[in-house]
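Chains as they are written, first to last, in our numbering: chain W, 14 to 374; chain A, 14 to 374; chain B, 14 to 374; chain P, 14 to 374.
There are 4 protein chains.
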Amino acid sequence: MDNLINVADFEQAAAEKLDAGVRGYFAGGAGDEVTLGENVAAWRRWRLRPRMLAGHAQWRTATEVLGAEVSMPILVAPVAYQRLVDEEGEIGMAQATAEAGTVMCLSTLATTRPSEVAAAVPEGRRWFQLYCFKDEMVTRALMDEAIDSGFEALVVTVDAPRGGKRERDLRTGFRIPEGLGVPSVEAALGSERAVTIEETFGLMEPALSWTHLEELASDTALPILVKGVLTAEDAALAVEHGAAGIVVSNHGGRQLDCVQATADVLSEAVDAVEGRGAVLVDGGIRRGTDVAIALALGADAVLVGRPVLWGLAAGGAEGARRVLELLRGELELALSLCGCASPAELTRAHVIRAPAPVYSA
Amino acid sequence: MDNLINVADFEQAAAEKLDAGVRGYFAGGAGDEVTLGENVAAWRRWRLRPRMLAGHAQWRTATEVLGAEVSMPILVAPVAYQRLVDEEGEIGMAQATAEAGTVMCLSTLATTRPSEVAAAVPEGRRWFQLYCFKDEMVTRALMDEAIDSGFEALVVTVDAPRGGKRERDLRTGFRIPEGLGVPSVEAALGSERAVTIEETFGLMEPALSWTHLEELASDTALPILVKGVLTAEDAALAVEHGAAGIVVSNHGGRQLDCVQATADVLSEAVDAVEGRGAVLVDGGIRRGTDVAIALALGADAVLVGRPVLWGLAAGGAEGARRVLELLRGELELALSLCGCASPAELTRAHVIRAPAPVYSA
Amino acid sequence: MDNLINVADFEQAAAEKLDAGVRGYFAGGAGDEVTLGENVAAWRRWRLRPRMLAGHAQWRTATEVLGAEVSMPILVAPVAYQRLVDEEGEIGMAQATAEAGTVMCLSTLATTRPSEVAAAVPEGRRWFQLYCFKDEMVTRALMDEAIDSGFEALVVTVDAPRGGKRERDLRTGFRIPEGLGVPSVEAALGSERAVTIEETFGLMEPALSWTHLEELASDTALPILVKGVLTAEDAALAVEHGAAGIVVSNHGGRQLDCVQATADVLSEAVDAVEGRGAVLVDGGIRRGTDVAIALALGADAVLVGRPVLWGLAAGGAEGARRVLELLRGELELALSLCGCASPAELTRAHVIRAPAPVYSA
Amino acid sequence: MDNLINVADFEQAAAEKLDAGVRGYFAGGAGDEVTLGENVAAWRRWRLRPRMLAGHAQWRTATEVLGAEVSMPILVAPVAYQRLVDEEGEIGMAQATAEAGTVMCLSTLATTRPSEVAAAVPEGRRWFQLYCFKDEMVTRALMDEAIDSGFEALVVTVDAPRGGKRERDLRTGFRIPEGLGVPSVEAALGSERAVTIEETFGLMEPALSWTHLEELASDTALPILVKGVLTAEDAALAVEHGAAGIVVSNHGGRQLDCVQATADVLSEAVDAVEGRGAVLVDGGIRRGTDVAIALALGADAVLVGRPVLWGLAAGGAEGARRVLELLRGELELALSLCGCASPAELTRAHVIRAPAPVYSA
């Protein structure tokens, strides 16, 4: 693993390890994957404006998110079914995240229960990604387990009233293996057998509304982040309906194709929130400079999903840890070369739109 | 056919079935095919701005066009000589359209007469695409057959005072087979032998004017759509001269190359019509997200030509039906993920121009 | 030759006939050939806005340039050393031009004298492209031969105080063959031996000024066109110093690389001339739609060089004639499909900038 | 070497001579090399607007930089470890520069001491590129040697508080050979053994500030240029803190990836300096037209690094000299074809942004 020097290397290493079905499931997006590609490309449509002679000898990547310190403004995004790529699964990811000093966001669709992850890696910090169910008792049971297990925030996914059209899965015929259930949901349902992903989606509430969100927020002391915001309008509505913040996200390009890249939405979301909550963003982050651009545009932090999953696939918990450390190192370097002693010093004056290319023979 | 999961797959399957001449005739465009390619690309120059937490549990694609309900705002465009790709020809297409619950627009250059199509698929809804002839009695005879056969609207093609320069046909040497006449025209002429396409074009009126259109509109109770509008100016003139609406169209890129893509014209046409008529659009629609973008820009509906023709070529009526159902499904998914319960809820706030790409090494 | 259906086909056919040195000499441009490629690409950065139902049954390409009628607003640009591609050389080109009913501009560097071309093709219309020499008597002798031979205008090239860096020639080692002199210059000099191109350029006046132009204009009754204008500033200066018009030209991308494409300069030149003279343009015209766009932007006519040279190379005078007829036909078709009965009806409302492309996976 | 006709040819020739490690060290950039590529591409995003009939018969490339005349506004940028590509190293480069009549900027990380270069090529003109060290005595010793050796200016690099992430070196495993020390630093330190590059960077001051710069400027009579400016803000601060000028530079794309190309920064830097100092620029200059564009945008001169290094690698001092002469010739040609008798005549009216490209099939 020592010869893997950037996220692209880890992606390549993971691709060589995983079979086509699993690889397609995690790597793929919806439709023609326009948004999938755009997510990565869009960060490159900004250029950094570094400042010189700032007089700093040290640079810290540590910052605060939702009032608590993390070693870097790079968090681990919720990713379902992590045991598909490595037997350590979510527990390995939790170990890596804890060692890296940042926050892991555990998916409702994790292959390990929140309580188990907490027990295995008690020193880690965690948020819980929540899907809302038609039966509110199920939702409540999921929340309670997370709260009881010391999770510090709820990340409510709002962009999946239905699943996207993921054509790679249609072509490979990939299906989640029979034995791999959704233990958190099984526990919430009191089910004694594995629940399939199709069953799970069938139980979810498609008709979520801002009223639901407001009720959810008033039902728990934990801060709630609304994940899946892609417009200024919804960014404002989120903080006006009790959210502690938002995650600008298009579900990694996996839900609706041809929506905007998150890098293209971030600014308007930040402006709409007007400091009334945290603004996080995921999608397409592959470099420390991508993180620096997101911070300069006003994000409090970013989440990375596929990069750490490739790390987990390529080298288990240690692989995921290396990816996080690699990104942290790249961000620290970017801060230092931008003349910023800390993430908070990055401002919009540090970025500018890249010019369009022109004809060349 | 079960492994064909999107329109591109049907295009590929059709390409494998058809010989080069027929394939080129339907797939090709004018000149360097700049507009042909642009038609498809231009929908991708828009991005969707989906709204979350809309609170809908169901999504309907059904809508009204020209005052009558269709199962979806996706109609079947007029395409000439459909028997070239499948022996069922226009009757197969009519069956597919009827089963899909939408409207078929039959071409003057169809290989089946309007009355025959009506007799074969009486439950279907149909419009008639009309070319105007120098001899007004021929035009009248065509209209009368359509009216008598229960066609609900006339779609007058105005962008073909002359045929485009289609270089694929010049290269393959493709010609419409001798036996394949234009029965609607033959009937209108009282001809007992097959009339060739060259003869038919020779009989058409190249010098159509807005006065002609106004007279035509006053001569019939059926609504008239002007097909081939590519400017705000003509969009306004159309509704001011008796048209019930327009079809923004560049004839699938087959007439004049280097005209604008229809997706780039749609907004100005909608603005110019100012609600005084229906605005439809064709050209380059390949995905449900393309339809959603067209609706958001103000179209009442879209027409698809090549996609259903590839369906017909790949699998007869059932193939065409699947393409329609596939597009309907993709549109329903797009609506749901945009937070819209119906097509009418899509507005210009749901779309934004995509940014230009930038240099990457 | 019957299977050559567009200019690109003729280019390909010529490329197969010519050896690498000659091909490179005519096809190549300066430096990295950025401008060479841009000249062609830039016409494609405009889109046509065709108007419908204009009521025309006939379309004429004939127009007036400098007060005299031509069969089409497409003239033959000055191209040096035409006998390099075909033994008929400039006389073949003159025959083709005369048959096509348009104007040929004969180069000072032609391999046939003006008087010989006039004698061989007396029915043709011709302009003379003039390089100015340090010795004014040489310039005067060149002008006199052209005037005496019935040439109707002088086209003064102003963009070549020095020759461009043409790297294809440096790589192929191409040199004009010994025997191929510059007979017009030889006659003007009274030289009895062939004069090389290097000698000829050595005799030219590099320090031409607007005063020179004004003197030249006052010395002759023939209209003078200034060829090589690439700015609004120079366009205005030209008509203010006695020119009857300008040719917006970058010498086919052969002089200074990275100057603007002529399609990108045309509008500002037209605006600057303010109707005080004719505005012609050359560079990158390959299609009738390119001509239509140039006319819509305000050009009185275009000149084509390489297209007719490929015609001459591929099939002698008949080849060049076919290229001209092919372009005329494409222009007539473009006029008809734009709703214009004649070139003069094309206006800026018929064109719009093409949008930039966007990311696609 | 006679068949090398442009900088790209020299780059190719050098690539064939150098082993992968050395080639990667000099050719490579930071991260994904976005900025490395952009540096070259960005000059091509401008187009020249040449003026005609300017009346000049001669064109001079000579100009003044920092009050002294050079044969051309093209200087030799500081490049470390030049003996890696040719045994003549910096002395060969100094000979080439002197013969070309321009200025060489010697790197602190040169493999030859300033005094040795001065002794070997006494007729040359030289500036010294200075890294500041934590121990001010070291910095002072470096400065003194340069001053005593007749260097005419100090170029203080400010964009390297830390080294960039150069992935080519990580992949090839390239390291500076043991024996190749940094003699200027060794002398300043009084070290008797070779000092490695890692040691040298460890001794440098990362926390440089504008106060440092001001002190440095007041400590020496030599003019100081601040190299590494990428914003208008820093351009203004530089001249306000005692600098005689700036070098707009991103360290050849080797420090922080995704910063702007220098061609995209130049205008704002020129505007911010407001004539209060010299503005130089490096990065991506490969053609005389690139130089002309930089001058038109307001640069006093450009520096070239890789081009002359490829020259040195391909053919020693003579190779470097040829590259300089080649660029001078191209610039002279560009001046003449722009209608400018000297570099000073180029203004912003001579350039315009290139349009974005558009779709082509």
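Cβ coordinates follow ideal geometry from the N, Cα and C atoms, glycine included.
Are the C-beta atoms of residue i and some chain W residue less than 8 Å apart?
| i | result |
| --- | --- |
| Arg300/A | yes |
| Ala226/P | Checking the displayed sequence, the identity of residue 226/P turns out to be Leu instead of Ala. Output row for Leu226/P: interface = yes. |
| Leu350/A | yes |
| Glu188/P | As written in the sequence, residue 188/P is Arg, which differs from the Glu given in the question. Judged by the 8 Å Cβ criterion, Arg188/P is not in contact with chain W. |
Which residue or residues does DSSP assign as beta-bridge partners of residue i?
| i | result |
| --- | --- |
| Phe141/A | Leu119/A, Leu167/A |
| Val198/P | Answer is none; Val198/P lacks a bridge partner. |
| Glu82/P | Glu77/P |
| Arg60/W | Ile365/W |
| Lys240/A | Thr170/A, Val260/A |
| Ser231/P | According to DSSP, which records beta bridges pairwise, Ser231/P is partnered with nothing at all. |
Is residue i close to chain P? Criterion is C-beta to C-beta, closer than 8 Å.
| i | result |
| --- | --- |
| Ile237/W | no |
| Ser412/W | Because chain W here runs from 14 to 374, residue 412/W falls outside it and cannot be looked at. |
In whole angstroms, give me the CA-to-CA distance for residue i and residue j.
| i | j | result |
| --- | --- | --- |
| Glu345/W | Thr302/W | 10 Å |
| Asp15/W | Arg184/P | 11 Å |
| Arg398/A | Arg300/W | Past the edges of chain A, shown from 14 to 374, lies residue 398/A, and the structure says nothing about it. |
| Asn263/P | Tyr144/P | 15 Å |
| Glu246/A | Ala367/A | 26 Å |
| Val242/W | Leu293/W | 10 Å |
| Leu49/A | Gly329/P | 54 Å |
| Leu17/W | Asp45/P | 14 Å |
| Trp140/P | Leu79/P | 11 Å |
| Val47/A | Gly266/A | 8 Å |
| Ala291/P | Val239/B | 39 Å |
| Gly297/P | Ala369/P | 20 Å |
| Ala55/P | Val278/B | 21 Å |
| Arg361/W | Ala276/W | 13 Å |
| Leu250/W | Gly255/P | 51 Å |
| Leu61/W | Arg175/P | 17 Å |
List the residues of chain P whose Cβ lies closer than 8 Å to the Cβ of residue i, in chain order.
| i | result |
| --- | --- |
| Pro378/W | Beyond the ends of chain W as shown, which are 14 and 374, falls residue 378/W; an answer cannot be given. |
| Ser262/W | By Cβ distance, chain P contributes nothing, its closest Cβ being about 22 Å from Ser262/W, past 8 Å. |
Output, in chain order, the set of chain A residues within a Cβ distance shorter than 7 Å of residue i.
| i | result |
| --- | --- |
| Ala70/B | Pro219, Ala220 |
| Ile365/B | Gln273 |
| Trp223/W | Leu66 |
Could you list which residues in chain W have their beta carbon closer than 9 Å to that of residue i, in chain order?
| i | result |
| --- | --- |
| Leu17/A | Chain W residues near Leu17/A: none, gap ~10 Å exceeds 9 Å. |
Residue i CB to nearest chain B CB: under 8 Å?
| i | result |
| --- | --- |
| Leu346/P | yes |
| Ser197/P | no |
| Val47/A | yes |
| Asp22/A | no |
| Asp148/A | no |
Report the neighbours of residue i on chain B: residues whose CB is nearer than 9 Å to its CB, in chain order.
| i | result |
| --- | --- |
| Glu343/P | Gly44, Lys178 |
Below 7 Å on C-beta distance, what does residue i contact in chain B?
| i | result |
| --- | --- |
| Leu183/A | Ile18 |
Note down, in chain order, every chain B residue with its Cβ under 8 Å from the Cβ of residue i.
| i | result |
| --- | --- |
| Arg334/A | What Arg334/A touches in chain B: nothing, since even the nearest Cβ is about 29 Å away. |
Checklist entry - If you pair each beta-carbon of the segment 201 to 215 of chain W with each one of the segment 227 to 239 of chain W, do three or more pairs fall below 8 Å? => result no
Next on the checklist: I want to know whether the segment 59 to 74 of chain A touches the segment 92 to 108 of chain A - three or more CB-CB distances under 8 Å.
Outcome noted: no
Next on the checklist: Within 8 Å, do at least three Cβ pairs link the segment 155 to 169 of chain B to the segment 123 to 130 of chain B?
Outcome noted: yes
Checklist entry - Should the segment 24 to 37 of chain P be regarded as contacting the segment 323 to 341 of chain B, the criterion being three or more beta carbon pairs within less than 8 Å? => result no
Next on the checklist: Within 8 Å, do at least three Cβ pairs link the segment 196 to 204 of chain B to the segment 263 to 273 of chain B?
Outcome noted: no
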